[in-house]
Amino acid sequence: MTLSRDELIRYNRQIILPDFGVAGQERLKAASVLIIGAGGLGAPNLQYLTAAGVGRIGVIDFDQVSLTNLQRQVLFNTDELGVNKATAAASKLKALNPETEFEVFETQISSENAMAIIVDYDLVVDGSDNLPTRYLVNDACLFLEKPLIYGAIFRFEGQVSVFNQELEHGSRGPNYRDLFPTPPPPEMVPSCSEGGVFGVLPGIVGSMQANEAIKVITGMGTTLSGKLLLFDSLDFTSRYLNIRSNENNPVTGSNPTITKLIDYEAFCAGPVIEEEVLASLSVHDLHADNSRYFILDVREPYEYDISNLGGLNIPLGQLKEQLEQIPGDKQVVVHCKSGVRSAQAINLLKQEGYTNLLNLEGGILAWQKEIDSEMAVY
Amino acid sequence: MNIEIVAFGIAKDILKGKSIQLEVASAATVEQVKKQLVNDYPDFQTLASLQLAVNAEYVVDDYVLNENDEVVLIPPVSGG
Numbered sequence: 035m036t037l038s039r040d041e042l043i044r045y046n047r048q049i050i051l052p053d054f055g056v057a058g059q060e061r062l063k064a065a066s067v068l069i070i071g072a073g074g075l076g077a078p079n080l081q082y083l084t085a086a087g088v089g090r091i092g093v094i095d096f097d098q099v100s101l102t103n104l105q106r107q108v109l110f111n112t113d114e115l116g117v118n119k120a121t122a123a124a125s126k127l128k129a130l131n132p133e134t135e136f137e138v139f140e141t142q143i144s145s146e147n148a149m150a151i152i153v154d155y156d157l158v159v160d161g162s163d164n165l166p167t168r169y170l171v172n173d174a175c176l177f178l179e180k181p182l183i184y185g186a187i188f189r190f191e192g193q194v195s196v197f198n199q200e201l202e203h204g205s206r207g208p209n210y211r212d213l214f215p216t217p218p219p220p221e222m223v224p225s226c227s228e229g230g231v232f233g234v235l236p237g238i239v240g241s242m243q244a245n246e247a248i249k250v251i252t253g254m255g256t257t258l259s260g261k262l263l264l265f266d267s268l269d270f271t272s273r274y275l276n277i278r279s280n281e282n283n284p285v286t287g288s289n290p291t292i293t294k295l296i297d298y299e300a301f302c303a304g305p306v307i308e309e310e311v312l313a314s315l316s317v318h319d320l321h322a323d324n325s326r327y328f329i330l331d332v333r334e335p336y337e338y339d340i341s342n343l344g345g346l347n348i349p350l351g352q353l354k355e356q357l358e359q360i361p362g363d364k365q366v367v368v369h370c371k372s373g374v375r376s377a378q379a380i381n382l383l384k385q386e387g388y389t390n391l392l393n394l395e396g397g398i399l400a401w402q403k404e405i406d407s408e409m410a411v412y
Numbered sequence: 365m366n367i368e369i370v371a372f373g374i375a376k377d378i379l380k381g382k383s384i385q386l387e388v389a390s391a392a393t394v395e396q397v398k399k400q401l402v403n404d405y406p407d408f409q410t411l412a413s414l415q416l417a418v419n420a421e422y423v424v425d426d427y428v429l430n431e432n433d434e435v436v437l438i439p440p441v442s443g444g
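Protein sequences, first through last, are from chains A and B.
My numbering numbers the first residue of the first sequence as 35 and each following residue consecutively.
My numbering numbers the first residue of the second sequence as 365 and each following residue consecutively.
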């Protein structure tokens, strides 16, 4: 891969770096990187890897730009609300660096398409926002022998590592399943929309991922392979933990039990305790006759303040302590934002002996969509 | 003996703070510390995948702790 005169000028400030040189730049140009998710972590990865001159970049995201994204996803503008994120990102990045070739996937990565998409890239950056995707991407990278740059954020904290990097003696570094062998129950892993996220944080963590991606491609320096960085932006502390390949790893251990991609949603949902379908109520039925029901809103108080259906607000985490406020005779309609936490609340209340519970289908989002379009959503 | 527990992510919520001193039996193992944490903070029960690192090294359950060891609690984080 020879560099043009323009490229030698464009990348001059890094080409003159000791250890980088023309050889490093040529490696970047010859490289292809797939970025999973064009969100908070995806944005800085996309921007820095494009600016640095990676030859081919794939970006996959099924989601559209929304108003709540703009506080941290600095790649997007207010006039792009509703546009697919992968498409919006690629159009910006083409203007940043016409030397880079882009491939846009307006789809969700899944067990069906992951192998076919990832196989065409040298390296993968995980900027996804949920555990099933994280396990899926990890496993696909293991099967295809691709290095994976890991980053994850929560509130003011971030985690960064490099997984499955080929080491000098031909073996590969630890991976996500060495770090977290067992997925926790979903309610213990709040997403950014549930737990909140400090806007600068994905910029920091995503930039660290881009830093590691460039090092893996060019061979410079020492990467975070075998180490997990924990970063806390609130008190500005960081820690490096040494992680090792675990011989019980179900993909890369001595007795592998997972040899192809599995159903990751089911894997992360854990063992199914009861198959029983929850009794539910549509927003139309509630709207038609709401005096019949006692409405219980299990969202957080700040969510209730944005918009509510006038119900009693007890956050899911405090339900057990406030049972005396929930009637046992009247029909109780439980709702949250979309229906996940309310289902958890119903299972919890059932264990306490309640039998008069209905789950509001689709939560307050469905109410806004079907009944009251003026209602503020978030 | 005393050890220091340092929490990240959702473990900070459960511990109601960034770090605590925990009194454990001398030569306690990681598994015993996990049990003690679940006993003192029942919400840890649901965090089956909680990983522990002792003095910056990922450790297995039968690892034996020493006085003043720093035990870091690392829950999975999914945001992006």
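Just so you know, even glycine gets a beta-carbon here, dropped at the ideal spot from N, CA and C.
Bear in mind the structure is a predicted one, so any value in this text is a computation, not a measurement.
Practice prompt. Starting from A:V108, follow the beta strand (DSSP E) in both directions and report where the run begins and ends.
Written response: No beta strand (DSSP E) holds A:V108; DSSP gives it neither H nor E.
Please identify the residue among A:R206, A:V250 and A:I50 whose C-alpha is closest to the C-alpha of A:R61. A:V250
Problem - Unbroken stretches of the beta strand (DSSP E), 3 residues or longer, contained in the region 66-100 of chain A - result: 66-70 and 90-94
CB-CB length for A:Q142 against A:N118, believed under 8 Å = A:Q142 to A:N118, Cβ: 12 Å. No contact.
Checklist entry - Between A:A64 and the rest of its own chain, which residues show a CB-CB distance below 7 Å, the 5 nearest in sequence each way excluded? => result M35 and G89
Worksheet item: Between which two residues does the alpha helix (DSSP H) harbouring B:D404 extend?
Response: V394 to D404
C-alpha gap between A:A322 and A:I380, whole angstroms: 23 Å
Exercise. Return helix, strand or coil for A:N245, following the three-state DSSP convention.
Key: helix
(request) To the nearest angstrom, report how far apart A:I307 and A:L127 are at their CA atoms. (result) At A:I307, the pLDDT of 47 sits below 50, so the modelled position is not reliable; the number obtained from the coordinates is stated separately. Approximately 47 Å, taken between the alpha carbons.
Quick check: the Cα distance between B:L432 and A:E404, rounded to an integer number of angstroms? For the record, residue 432 of chain B in the displayed sequence is Asn; it is not Leu. Those two C-alpha atoms are separated by around 58 Å.
Exercise. Entirely within the region 277-317 of chain A and at least 4 residues each: give me those alpha helix (DSSP H) ranges in chain order.
Key: 298-303
TODO: Flag this pair as yes or no: are the beta carbons of A:Y412 and A:I340 separated by less than 8 Å?
DONE: yes
Requested in this report: Could you pull out every unbroken alpha helix (DSSP H) segment of at least 4 residues lying fully inside the region 316-376 of chain A, listed in chain order?
Outcome: 317-322 and 335-340
Open item on the list: If you follow the alpha helix (DSSP H) that A:V159 is in, where does it begin and where does it stop?
Closed with: No alpha helix (DSSP H) holds A:V159; the beta strand (DSSP E) holding it covers L157 to D160.
Requested in this report: For A:T141, write down the residues that DSSP places opposite it in a beta bridge.
Outcome: Per DSSP, A:T141 has no beta bridge partner at all.
Buried or exposed: which applies to A:Y336, given that a residue is buried once 16 or more other Cβ atoms fall within 10 Å of its Cβ? With fewer than 16 other Cβ atoms within 10 Å, it is exposed.
Practice prompt. Taking only beta-carbon positions, decide if A:E309 is within less than 8 Å of chain B.
Written response: Because the pLDDT at A:E309 is just 44, under 50, the model does not fix this residue reliably, and the value given afterwards should be weighed accordingly. Not one chain B Cβ lies under 8 Å of A:E309.
With distances taken between CB atoms, is the gap from B:V441 to A:Q193 smaller than 8 Å?
The beta carbons of B:V441 and A:Q193 sit closer together than 8 Å.
| For A:S38, which residues in chain B fall below 9 Å Cβ to Cβ? | Residues of chain B passing the Cβ test: none, with the nearest at roughly 35 Å.
Assess contact between the region 36-45 of chain A and the region 137-156 of chain A, defined as three or more Cβ pairs (one per stretch) separated by less than 8 Å. Is contact present?
no
Tell me, please, which residues DSSP counts as bridged to A:N118.
A:Q98
For A:N393, which three-state DSSP category applies? strand
Q. Taking C-alpha atoms, which residue in A:G204, A:I277 and A:L263 lies nearest to A:T271?
A. Nearest Cα to A:T271 within the set A:G204, A:I277 and A:L263: A:L263.
Residues in the region 267-293 of chain A with C-beta within 7 Å of chain B's C-beta atoms, listed in sequence order? R273, Y274, L275, N276, I277 and R278
Exercise. Which residues, taken in chain order from the region 408-438 of chain B, show a beta carbon closer than 9 Å to some beta carbon of chain A?
Worked result: T410, L411, A412, S413, L414, Q415, A417, A420, E421, Y422, V424, V436 and I438
#### Entry: As assigned by DSSP and simplified to three states, the class of A:L37
coil
Quiz item: Less than 8 Å separating the beta-carbons of A:V93 and A:A123?
Solution: For the pair A:V93 and A:A123, the CB atoms are nearer than the 8 Å cut-off.
Check: Do the region 203-216 of chain A and the region 228-244 of chain A make contact, defined as three or more Cβ pairs closer than 8 Å?
Finding: no
Note to self: On a Cα-Cα basis, can you pick out the residue from A:V368, A:G396, A:S372 and A:L394 that is closest to A:L383?
What the structure shows: Nearest option by C-alpha distance: A:V368.
**Asked** At a CB-CB cut-off below 7 Å, which residues of chain A make contact with B:S442?
**Response** D163, N164, L165, R168, A186, V223 and S225
Grab me the residues of A:P361's own chain with a C-beta within less than 6 Å of its C-beta, minus the 5 sequence neighbours each way, in chain order.
-> F328
Hey, A:G185 and A:I70: beta-carbon distance below 8 Å or not? no
- Message: Please report the distance separating the alpha-carbon of A:L75 from that of A:F265.
- Response: A:L75 and A:F265 have their alpha carbons spaced roughly 14 Å apart.
Practice problem: Express the C-alpha separation of A:N324 and A:S227 in angstroms, rounding to a whole number. | Solution: 28 Å
TODO: Kindly indicate which three-state DSSP category B:Y422 falls into: helix, strand or coil?
DONE: The answer is strand: DSSP assigns B:Y422 an E or B state.
| query | If you compare alpha carbons, which of A:Y338, A:L357 and A:M149 is closest to A:A410? | reply | A:Y338
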